[in-house]
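S.K.:
Numbering (our numbering), first residue to last: 5 to 1922.
Below you can see the structure in the form of C-alpha cells.
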C-alpha cells in the first residue's frame, strides 16, 4: 500500500493523472449507484458501491467482490473495519495484476485507492496502527457474530428443518442468514490473509488456529454461500433448501449417491455433501468441475420429474422407481442405440435387462457430461454417439475393477482432461474449416460444414478413427492449400439445378402431364389407337427426364467423391448406367413403334413389347413406392429386407441414410393428404386443359402453316423453322403459369380446409365481447374440467351431489384464476381500476346461496329491473318471467336481495336485528305465496334503492365517528321509507303497533349501535352491492381496450377447444424457455423516450397517441395526473415505471422476460391452489383457503414447485463484453435479473491470457450462467471452459448452442426476444405439454417431437404497413400452420414452438449453425426432426405474442433475409433428402410451402418478363400484325387465363385468401369483408406487389451468387421519415431497375405492337404491368412517413444530390457516397460461373437496339445487318461525346476555358446536326426518342457487362468512364422517381391523406399537432 502511494506522489504529472482517474472512477461509481437504486437494488452505503466496480478479470479468480460487498455492508457500523477490507482488496488486486493489464483494472485500482484515501481522511488525523488491524478485525468478527446470533439462528433453522415444515418465515430467515454468512466469510478470508502476512506471535497463531477450526467445523458458513442454480446439491446442509422436502428430489439425490456397487474412490470425499457417481466420472475422465455441477442438477431434476409423473412417494426414505430410471435412460440414449443398430455395432452394454438401475444412471450421467462439455461438437450428434460409445466401454472396464482409475483416453502429461484430449482436437479441425469459408464468401464446396463432420460417423469407417481419435486421420486433417478433406455425402453447389434434382418427381410429373394434355388437345380430345401411341411418348420422356436427374446427381457430387461412402458412389454409377441403358432402349422401342405405325399391315409387335416394358416398370415402381411409404406395406418391406435381392433394388430405388428412414405416416394421415392433393391436381389439370392448352392449339397450327411472313428486321432463327420463336413466345407464358399455378390451387384449397378445420376446432366461437357476456356462465365448468387440477375438499363434496358438481363449485374453482388474469391486465395497463372492479369475480365460497358473477355482467341490471317493477301491472310471476328472460338480470336481483339481507343482519343488533329479521321473513313469505305485489308498493322501490345506495356509500369507507353517525341516519331513513312507504298498509300497521320498535325509535335507541364491517369478505360484498346499485353504464364496452378484449375472447374461446386434461403441477412435464439475445433493446432509457426526431415526435409522444387509453390507465396506476416528462424525472420510481411501460409496448427483451415469467407465476398460482402436501400443509383446510390466492407468490413451496418445473434462460451472447464496456444493455439486463429471481442469463466470457514471458496472449472462452444474488448483483453459477471461440457458424444458433446446456426439463420452448406472453395463456402450458404423450394416437403413429404454438402479432396497430404484415403473418401462423400439420409437413419456422428437449439435444440441437447455408437456422430444426422420425404438430388453444417489422424498410430487409434463407435451403442436403424421401403427395406439400413458394413467386414475376419480351419480339420483328389477324393471337383465352392468374397473384389476392378465411372464422363475415375493403383502401395491393419483387430479387440473387446474410431489421417504432437517398440505395437494384425495364418493354410494346380492337389481354397486360411498375417505383415513398411533405422533399433532394456527387474513398461508406455504394452493390459477383450467368442475362437488353433500329423511318425498311452495325458506331460516337462533355482537366488553369468552349461548340453542332437530319432526311422526332430508348437499354447492357468483368475493364483503363456512365444512369433513374414526388408534394392534402392511411387517426391527429408546434418553435427561433 505504501509503495503504491509513493509511486503516485512522484511528480506533479503523475499526481494529476491519478486525481483525474479518481474523479472519473468516482463519477462512474456514482452513475452505477444511481442506476441500481432506481432499479431496485439495495441502496449504496457511503455514496458508492465498491463491489459493483470489480473487473471480471479480478472477480473470477479471487473473492475481492465479496470482500468489498462486506465493506459496503458494514461501512456504517465500523468504517475502520471497512477500510481494512478495502486495503486487503487493493492488495489482492495488486498481487493478481501488478501491471494493470486487465480490462478495467487500472480504473478500479485507482478508484479503490481514492476510496481508501477518503476513509483515512475521515479519521480526522487520528493515527492508524496497521499492526493492530488483525486484532480490530478479530474483535469485530466476534462481536458481529454475537450480535447477529448466528449460533441461535443456525440451531433454529436446523430445528425447523427437522420438523419437516417449510414456512415463509423460514425462507426469510434463510435469506438473512445468507447475507450474514457472506459477511462472516469475507471477514474470515481477510483475517486469514492478514495473519499469514503478519509476524507469527502468539496471538496471531491462536487466531489462525481458531480460523482454521471454524472453517473446518462451520459447514453452514461455506454451504450457504455456494452458488447454485435451482437445487442446492453442492451442500447437504443448506437451511434454505426447501427442495429437500420434495420426495422425488430426495429419491433422485439418493440414487446418484448410491455407490455400493462402484469401485473404491481413490480421492477424498467432499466435505459439504456425500460422494456420488459424478465424482467418480470427474475423476475418471477429467470433466470440468462446473460441468459436473451443472449436469448433476440436470440429471437429478430429470430423474425427480420422471418419478413424479409415476407417483408421489411419501415416506421417510423415498426411492426412484426402476420404471422412471428406464424411461430416462431410453429417452437419452435412444439415438445412440439407433446409431449402433444402423452401423451394425453392439451397444456398450450387453442387454437392457442386464444393466441395473445404478448403471443406467451412470450411463445417462456420462452422456450428459460429454454433451455438456462438447461445445460446438453438440451439433454433431453421431460424433457424440461415437465418443460416448468408446468412453462407455472404457468406463465399463473401470467399473469392474476394485479401485477407480483414470481413463487412458483422457490422460495427457499426468493430468486428465476430457476437453483437451477429446473435444479440442475435433474443435480445432472444425475451426480451421470454418476459417476456410472466408467469412461466408467461399463456395460451400470449399469447406466442410457441421453436417459434413457429423455424417462422417454415418458409416462403419468412422471406427477407423480410433480411440482416442488419431490426430493424423483424414477426419482431423486441417485444410491446406493442396491437401484437404472433401465433403461428405453431399455438396452444396450454387445452382438452380438443385430445384430439379431435389424435386425431380414434381417437375417430371408436371412436364409429362403437360405433354399428355397437349397431345390430347392437338388430337381434339379423340382417344383412338393413334392418340394412345402418341401418348405413350411419355415413356421415353419419363426415362430421359430421370436420366437428366441422374446426371445431375453425378455432376453435383463433385467435391465429395474422395470422401463419400463407397456404397453411395456405387449407387450413382449403377443408376447412371441403368438409366442410360433403359432410356436408350425405351427410346429405341418407341421409335420402332412409330415406324411400325407408318407400316401397313403391321402386327404391332414392338407396340406390345413397348407396352409390356412400360407396364412392368410402372408396376415395380408402384410396388416399391407402396412398400416404402404406406405403413401396412412398410411392415411387409421390413420383412423383405432379409432378401438381398430386395435390399439391392430398394437401395437403387432410394438412397439409404442414417436419417430419413421411416418417413411414412398412418393410413388415415396418408389417405388425408392424398385426397387433398388429388382434388388440387384434378382442378389444376382441368383448368390447364380447357383454359391454357386447348385454346392455343388452333393458333399454333395456323402459325406453323404460315409461310413467307415479312420480317421488319434481319431474322436469324425463325425464318424456315416454322416460326419457332413465334410459337415459343405464344407458349412460354402459358407454360410458366402452368408450372406455378398449382400453388394457386393449393392456396385456395388450403384456405378452405383450414377454415373447416378451424370451425371444427371451435375457433371463433367467441368473437366479440357480446358473445363473451352471453356464454360467461359456461366458462367455470369448462375451465374446471380442462385447466384445473385442483383438489376439492371432501366436506365440500359432501354438500353437493357427488355425481354432479354444482355451478357454484365450478365458479369457486374458476374465480381465483379469472381474477389473476384481470389483475395481470390491470398491471399491464390494459384496463382501468374501475374496469378491474367490474371484471373481478367474487370467490363464491361464502354463505350466499347463489353464484356471484362479475359485475360487468350485472351492471345496470338493477336499474332495468327497477324500471320493469315500476311499470308492472301484472302478477308477481309475470314480472319475474320478464326479469328472468335476461339471466344475468335475475342473478343481479337475487344477489342484491340476499346481499342486502346479509349486510343488514351483520350491521345492526337488538331492536334493529328484530326489524331486519321480521322484514325479510315477511318478504320471503310473500314471495313464496305469490303475493309480493300486495305486500309491497313497487312504485317506491326506486326510493328504497336510493336510501340503500346512500347507506352502502358510507359503509364502503373506513370508519370514523362522523360516518358512524351518518350510517345511523341512513339506516333510520331506510327504516322510514320501508315501513311507511314501501310496505303495504297491513304490514305497516303491524310494524307500527310493534311496541318494541316504536319505543326504540322514540327513545333514539334504534340503530344507535352500528357493527361496522371488519371482515374482508363482508367489506368486499358491501363494495360489490354498492357497485350493483350505482353503476348505470352498459357493460358492452367493458373492457374498452381492444387488446384486453382480444385476449379475454381468445382465452374463453380456448376453454371449449380440444385440450388435454391438466395434470397437477407436481406431475406435469417440466420445461424450459430459451431466448437468444445479442444487442437488441432491453429497456428504453429516458433519453431514448424523450428525444425528438426532425418532426418533433418522440417515442413517448408516439405511444401516448397510439395507446391513449393505456397511457391514462398507467397514470392512474402510479397515481399521477397528466404528468409531463419533467414530472417523471423528479421521481426515480415513476421514471423506472415509465421506462418499463414504454418498453412493454415495444419489441424489447424486457417485454419478453415479463411475458415468459408469467409461466412461473401461473405455475405458482396453480401449485398454491393445489396445495401439495410437503409436511407443512395439512388436509382439512376450509374451502375459502383453497381458493384464496393472497400471497401465493410468496409461498415457498409454490415457488419451489414452479422452479422444479420451469426454467428461463436468456442467452445474452456478449453480456460479458457489455458489462466490461459499461453498456446500457448490461445494466438493463442486470436490472431484469434483480426483478426476476428465476431468470438466468447465459453468456460467453472471453479472457486474455498473457504468457509467462509477457510476449504472447491467447484467448480463452467460457460459457457462464449467472443469476442475481441476495445483494442484487450477478452471481456466477457455472463457468464452463470452451475449446475456443464458439462462433464458428451463424451467430444465433451458436448463441443457442453454448447456453442450451443450462436448460432443464423434458421440453424447451424457443422464444425470440421480440415475443410476449400472457398470464392466461401461461395457465394452459401444462395442458399443452401433455400433447407429448400422444394419447390414443391423436397425432399419428409417432409421439410429437415439436408442438407448434399459435402466434398473435401484436404490432398490427402501429401503422397500415404493420397491419398488412400482421394480418399476413397471422394467417401464416394460424391457418397456414394448421393445414401444414394436417398434411404432416409442418416444420419449425422460428415460432414459439415447444421442442422435446431430450429428443433434440441428442440429435443435434434445436437449430443448425453452418455458415450461410443455415442462415434460416430455425427451419432446419424442423427438417432435422422430421428426417429423424419426429412428428410436428400444431395447437391453437394457446398463443404467444410476436412482434413484427413495422416499417417498409424493416419489412423489406426481413423478407430479403427470409428469401435469401430459402435460396440457401434450395442448395441444402436437408431439402434434398426430404424432397427425395417423402412420398410424392407429401413432397408436393413440402415443396409448395417451403422453397416452392419462392419459386412460384419468382415465376409470377418471370411471367411478366416472358410475356412482354415475347410480345416485344413479335412487335419489333414485324410479325405481330399479320399473325395476330390470322391466328387470333391477342384475344386468346389461354393468354387471358394466364395473365389473369399472374395479375391476381401479383396484387396479393391469393395471399389474401387465407387471410380472409381466417377473418371470417375468427371475426365473422361482415368484419372480414370490412377489413378486406379497408386494406384495399390502404393500398395493400401496392404493398403485396412490392413484396413480390423483394422476394424474387433476394431469392434469385442468393441462388445465383450467394450473399444471404442475417440482416438486422431493427425493431423500433417507425415514426421517422426515411430519406429519398436511403430508399434509393435499398431498392435501386431490387425494384427500380426491374420496374424501369418493364416500363421500357411496355413503351416499346405500345409503340410498335398490334393493338387494334383493344383486346382484353392487351388491356390486362397494360394495367397489371403498369401497376407493377408503379408499385415497385413508388411504394417506398407512398409508405414513407411525411413522404409528400414539401419541406421534407426539398431536404431529400439536397441529401440525394450530395450523396450522388460525393466522391468515394478509403473508409467512406455507401451511406455517404454513391461511388462507395456502387462498389458495394457489385460485391455479390465473385465467381466465374456467376459472371457467365450475369453476362447471359445482361444480353437481353441488346434486343431493344436490334429491333428499334429497323423500325426507324430513316432505315427505309432495310433489313441488312449493316444497319445494326451502323447503330453501334452511332452509340460509340455518343459515348465519346459523353466523355468530352464530362471531361474536367485539372493540370492547367487555361484548359478548362478551352474545354468549355469546345463543349459549347459541340452542343450547338449536335443540335444543328439533329435538326438538319430531321429536315433533310426521313428521320423523325419519334425516331429520335426511339433511338434514345434503344441506346439506353444497350448502354445498361454494356454497363452490366463492364461491372461483371470489372477486372478486364480496369486493365483496359476504362473503369473511370464506366463509373461516370453508371452515375448518369442512377441520376436519371432517381430523377424519374423524384419528379412525381415533387409534383404531389406541391399539394398539402396529399401529405394529410398519406398520414391518415399510414397511421391510425389518433396518431395522425397528434402528428399534425406536433408539426404545428414544430413550426411554432421554428418561428420562435427566428
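Heads up, the beta-carbon is just placed ideally off N, CA and C, and yes, glycines get one too.
1. Please report the distance separating the alpha-carbon of residue 1097 from that of residue 1632.
2. Note down the Cα distance separating residue 847 from residue 931, rounded to an integer number of angstroms.
3. Can you tell me which of the three DSSP states residue 1200 falls into?
4. What alpha helix (DSSP H) runs, 4 residues minimum, are completely inside the stretch 845-911?
5. Between which residues of its own chain and residue 1688 is the CB-CB distance below 6 Å, once the five residues before and five after are set aside?
6. Once the 5 residues before and after residue 970 are set aside, which same chain residues still bring their CB inside 6 Å of it?
7. Can you tell me the Cα-Cα spacing of residue 566 and residue 444, whole angstroms?
8. List the residues that DSSP assigns as beta-bridge partners of residue 1080.
9. Please tell me whether residue 1603 and residue 740 are closer than 9 Å, where the distance is taken between their beta carbons.
10. CA-CA distance, residue 267 and residue 1242?
11. Going by C-alpha to C-alpha distance, which of 309, 1842, 1847, 1888 sits closest to residue 1069?
12. Look up residue 1284 in the DSSP assignment and say whether it is helix, strand or coil.
13. By how many angstroms is the C-alpha of residue 1041 removed from the C-alpha of residue 840?
14. Just to confirm the assignment, what range does the alpha helix (DSSP H) spanning residue 574 have?
15. Taking residue 957 as part of the alpha helix (DSSP H), name the residues at either end of that continuous run.
16. Do residue 828 and residue 1148 have their C-beta atoms within less than 9 Å of each other?
17. Please state whether DSSP places residue 1440 in a helix, a strand or coil.
18. Apart from the five residues on each side of it in sequence, which residues of its chain come closer than 7 Å, Cβ to Cβ, to residue 45?
19. Compare the Cα-Cα distances from residue 1090 to each of 947, 1232, 1125 and report the closest residue.
20. Tell me whether residue 1472 is buried or exposed, calling it buried when 16 or more other Cβ atoms sit within 10 Å of its Cβ.
21. Which complete alpha helix (DSSP H) runs does the stretch 1714-1776 hold, if anything under 4 residues is left out?
22. Let's see if you can read the secondary structure: which residues bound the beta strand (DSSP E) around residue 1313?
23. Can you list the beta strand (DSSP E) stretches of 3 or more residues lying completely in the stretch 1352-1417, in chain order?
24. Can you give the Cα-Cα distance for residue 478 and residue 1166, rounded to whole angstroms?
25. Report the rounded CA-to-CA distance for residue 1171 versus residue 182, giving the unit in angstroms.
26. Check whether the Cβ atoms of residue 455 and residue 1771 lie closer than 9 Å to each other.
27. Helix, strand or coil for residue 662, going by three-state DSSP, please let me know.
28. In its own chain, which residues sit with a C-beta less than 7 Å from the C-beta of residue 1755, not counting the 5 before and 5 after it?
29. List the residues that DSSP assigns as beta-bridge partners of residue 1133.
30. Please classify residue 1042: does DSSP put it in a helix, a strand, or coil?
31. Closer than 7 Å by C-beta to residue 1432: which residues in its own chain qualify, once you throw out the five before and the five after it? Chain order, please.
32. Within a Cβ cutoff of 8 Å, which residues of the same chain sit near residue 945, ignoring the five residues on either side of it in sequence?
33. Pick out whichever of 684, 881, 837, 896 has its Cα sitting closest to the Cα of residue 862.
M.R.: In this structure, then:
1. Translated into the one-based positions of the chain shown, residue 1097 becomes position 1093. Translated into the one-based positions of the chain shown, residue 1632 becomes position 1628. Whole-angstrom Cα-Cα distance: 26 Å.
2. Stepping through the chain shown from its first residue, residue 847 is reached at position 843. Stepping through the chain shown from its first residue, residue 931 is reached at position 927. Roughly 28 Å between the two C-alpha positions.
3. Looking up residue 1200 in the chain shown gives position 1196. Of the three classes helix, strand and coil, the one that applies to residue 1200 here is helix, per DSSP.
4. 859-862, 865-874, 880-888, 891-911
5. Within the chain shown, numbered from 1, the residue matching residue 1688 stands at position 1684. 1884, 1885, 1890, 1891, 1894, listed in sequence order.
6. Counting from 1 along the chain shown, the entry for residue 970 is found at position 966. For residue 970, where only same-chain residues beyond five positions count, the Cβ hits under 6 Å are 958.
7. If you number the chain shown from 1, residue 566 lands on position 562. If you number the chain shown from 1, residue 444 lands on position 440. Answer to the nearest angstrom: the Cα atoms are 24 Å apart.
8. In the chain shown, counting from the first residue as 1, residue 1080 sits at position 1076. DSSP, once it has assigned bridges, lists 1215 as partnering residue 1080.
9. Locating residue 1603 in the chain shown gives position 1599, counting from the first residue. Locating residue 740 in the chain shown gives position 736, counting from the first residue. Taking 9 Å as the Cβ cut-off, residue 1603 and residue 740 do not qualify as a contacting pair.
10. Here residue 267 corresponds to residue number 263 of the chain shown, with the count starting at 1. Here residue 1242 corresponds to residue number 1238 of the chain shown, with the count starting at 1. Answer to the nearest angstrom: the Cα atoms are 38 Å apart.
11. Along the chain shown, one-based indexing puts residue 1069 at 1065. Among 309, 1842, 1847, 1888, the Cα nearest to that of residue 1069 belongs to 309.
12. The residue given as residue 1284 occupies position 1280 in the chain shown. Three-state DSSP puts residue 1284 in a strand.
13. The sequence position of residue 840 within the chain shown is 836, counting from 1. The sequence position of residue 1041 within the chain shown is 1037, counting from 1. Each residue's Cα considered, the two are about 13 Å apart.
14. For the purposes of this step, residue 574 is identified with residue 570 of the chain shown, where counting begins at 1. From DSSP, the alpha helix (DSSP H) with residue 574 extends over 570-602.
15. For the purposes of this step, residue 957 is taken as the residue at position 953 of the chain shown. Its alpha helix (DSSP H) spans residues 945-959.
16. Stepping through the chain shown from its first residue, residue 828 is reached at position 824. Stepping through the chain shown from its first residue, residue 1148 is reached at position 1144. Not a contact, by the Cβ cut-off of 9 Å.
17. The residue you call residue 1440 lines up with position 1436 of the chain shown. In this structure, residue 1440 counts as strand in the three-state DSSP scheme.
18. Position 41 of the chain shown holds residue 45. At residue 45 the pLDDT is 34, less than 50, meaning the model places this residue with poor confidence and gives no usable figure here.
19. Here residue 1090 corresponds to residue number 1086 of the chain shown, with the count starting at 1. It is 1232 whose Cα lies nearest to the Cα of residue 1090.
20. Position 1468 of the chain shown, counted from the start, is the residue given in the question as residue 1472. Counting Cβ neighbours within 10 Å, residue 1472 comes out buried, since at least 16 surround it.
21. 1718-1725, 1732-1742, 1746-1753
22. Here residue 1313 corresponds to residue number 1309 of the chain shown, with the count starting at 1. That run of the beta strand (DSSP E) goes 1311-1314.
23. 1398-1400
24. Translated into the one-based positions of the chain shown, residue 478 becomes position 474. Translated into the one-based positions of the chain shown, residue 1166 becomes position 1162. One C-alpha to the other measures close to 53 Å.
25. One-based indexing of the chain shown puts residue 1171 at position 1167. One-based indexing of the chain shown puts residue 182 at position 178. Their backbone Cα atoms lie some 27 Å apart in a straight line.
26. The residue labelled residue 455 in the question sits at position 451 within the chain shown. The residue labelled residue 1771 in the question sits at position 1767 within the chain shown. No, the pair does not count as a contact, with Cβ atoms beyond the cut-off.
27. Taking the chain shown and counting its residues from 1, the one referred to as residue 662 is at position 658. Three-state DSSP puts residue 662 in coil, outside helix and strand.
28. Numbered from its first residue, the chain shown carries residue 1755 at position 1751. Excluding sequence neighbours, residue 1755 sits near 716, 1520, 1652, 1830.
29. Taking the chain shown and counting its residues from 1, one reaches residue 1133 at position 1129. DSSP, once it has assigned bridges, lists no residue as partnering residue 1133.
30. Start at 1 with the first residue of the chain shown, and residue 1042 comes out as number 1038. It is coil, neither helix nor strand.
31. For the purposes of this step, residue 1432 is taken as residue 1428 along the chain shown, with counting starting at 1. Closer than 7 Å at Cβ, skipping near neighbours: 663, 1407.
32. The residue you call residue 945 lines up with position 941 of the chain shown. Excluding sequence neighbours, residue 945 sits near 870, 873, 874, 986.
33. In the chain shown, counting from the first residue as 1, residue 862 sits at position 858. Answer by Cα proximity: 896.
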